[in-house]
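Undergrad: Pasting in a structure now, in structure tokens, and then I'll have a few things to ask.
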Amino acid sequence: MKKMALIILSFIICVIVIGCSKKDADTEQNNDMEQLVFQAQIVNLSTGDNPSCLVVAKEDIGYGDNPTLISLNIPEDQLFNMDDNTIAMKDLEPGNILEITSDGAFLESYPLQIGTVYKVKIVDKGSVKDIEQYEEEVSKYVN
């Protein structure tokens, strides 16, 4: 009887170990694959100790708001110009169109906040005239 209990216990432990290790490998593989790349236009820049910008998504990112405003904090080493050279936040201008690569996670706030930003690249200089339509919405969140 003790042998049978020992065999069953060993089997259960093996199933648990194999099941957990397989799931962890799948999760790690999915994290490498899940990235959201989208374009957005800068509608407001904030300078100071914690520089950030407010952007409006130029395409549907699955949040249905119109416009979809996103508060964006960009790590300095992840910000690039059109030639793929690293630039600083001070080099951005309202109207610039950005290509944003992120983990796809958003904090459920309004404006939305991106979980992890991998890369932000200017893809078009854009125009301040293009963002005039968002002035009323932006004024709700900017002092």
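One point on numbering: in our numbering, the residue at position 89 of the sequence shown is 646, and numbering is uninterrupted. Where a beta carbon is used, it is the ideal one built from N, C-alpha and C, also for glycine.
V674: which of V594, L611, N607 sits nearest, CA to CA?
TA: Of V594, L611, N607, the residue nearest in Cα terms is V594.
Undergrad: Counting C-beta neighbours from all protein chains within 10 Å, is the total for L563 16 or more, i.e. buried, or is it exposed?
TA: Exposed.
Undergrad: Using the Cα positions of D681 and L655, report the straight-line distance between them to the nearest angstrom.
TA: C-alpha separation (whole angstroms): 7 Å.
Undergrad: To the nearest angstrom, how far is it from the Cα of I631 to the Cα of K647?
TA: I631 and K647: Cα-Cα distance of roughly 12 Å.
Undergrad: Could you give the residue range of the beta strand (DSSP E) that holds D681?
TA: 674 to 681 is the extent of the beta strand (DSSP E) around D681.
Undergrad: Could you say which of K686, K559, K676 lies nearest to E633 if we only look at CA atoms?
TA: It is K676.
Undergrad: Under DSSP, the alpha helix (DSSP H) around E693 begins and ends at which residues?
TA: First-last of the alpha helix (DSSP H) with E693: 692 to 696.
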